[in-house]
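Working notes for the structure below.
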Amino acid sequence: MAYKITEECINCGACEPECPNQAITAGDEIYIIDPAKCTECVGHHDASQCAAVCPVDCCIPDPDHKETREELMAKFHKLKGGA
């Protein structure tokens with residue numbers, strides 16, 4: 502499933518440069534993750550990088566965007582211009 506950033510976000514910006522899919526952007530008050538681009542870092546890393554660097558643990562799995570590992574890998578390939 503894609504990740505989301507909760508309202509606990511302190512707008513520090515640590516997550517944005519860590520996202521290999523450029524799925525994270527600055528919102529008005531907190532950073533936002535585009536679920537269409539978020540692959541939980543599948544295809545790039547063993548763990549979600551936004552969650553790994555977040556100092557307040559506000560990058561969490563989004564229950565509204567559940568996906569299997571296979572679906573995330575397919576999204577990764579589509580984003581990278583593959584199959």
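Residue numbers (the numbering used here): 502 to 584. A virtual CB, placed ideally from N, CA and C, is assigned to each residue, including glycine. Bear in mind that the values here come from a model prediction, so they are computed numbers and not experimental data.
DSSP beta-bridge partners of residue i
i      : result
Lys581 : In DSSP, Lys581 forms no bridge with anything.
Pro564 : Looking at the DSSP assignment, Pro564 forms no beta bridge with any residue, so it has no partner.
Ile525 : Ile534
Collapsed DSSP secondary structure at residue i in the structure displayed
i      : result
Lys576 : helix
Run of the alpha helix (DSSP H) containing residue i, from where it starts to where it stops
i      : result
Ala553 : 550-554
Exposure of residue i, with buried meaning 16 or more beta-carbon neighbours within 10 Å
i      : result
Val543 : buried
Asn522 : buried
Supposed contact pair residue j and residue i - C-beta distance, whole angstroms, cut 8 Å
i      : j      : result
Glu519 : Cys551 : 6 Å
Ile534 : Ala503 : 6 Å
Extent of the continuous beta strand (DSSP E) run through residue i
i      : result
Lys505 : 504-506
Ile533 : 532-534
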